[in-house]
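Here the structure is laid out as structure tokens; the discussion comes afterwards.
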Amino acid sequence: MHPFHWVPALGERHASTDPRPSGGYPAGSTITTLCEQDMHAEVGEMAWLWTTCPACNSEAHRMVGGVSGVRQATPV
């Protein structure tokens with residue numbers, strides 16, 4: 001089990017090490033993310049399809065000793 005959980009907030013999927021209630025973070029819960037921001041959790045099926053916060057993803061991979069798999073879009 002990883003030391004963080006993914007949570008949708010502010011239009012992206014963020015990661016947090018805050019204690020997570022059973023069933024996930026309720027809508028409106030204030031969380032501190034791995035990108036060092038305080039945000040309000042959002043819920044809903046579509047929220048899980050949002051893009052992943054690059055800063056949270058990098059920190060999550062660092063925490064588990066892996067390499068980030070997210071590629072940044074390059075301008076055309």
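Anchor point for the sequence shown: position 63 equals 63 in UniProt numbering, and the numbering is continuous, going up by one each time. Glycine included, every Cβ here is placed at the ideal spot set by N, Cα and C. Keep in mind it's a predicted model, so treat the numbers as computed, not measured.
Taking DSSP's pairing of strands, which residues face His14 in a bridge? DSSP output for His14 lists Val7 as bridge partner(s).
Relative to the C-alpha of Pro21, which residue among Ile31, Glu12, His14 is closest? Closest in C-alpha terms to Pro21, from the list Ile31, Glu12, His14, comes Ile31.
Over the uninterrupted alpha helix (DSSP H) stretch that includes Met63, give me the two end residues. Counting along the chain, the alpha helix (DSSP H) containing Met63 begins and ends at 54-64.
Can you give me the C-alpha to C-alpha distance between Gly28 and Ser58, rounded to a whole angstrom? Distance between the alpha carbons of Gly28 and Ser58: 25 Å.
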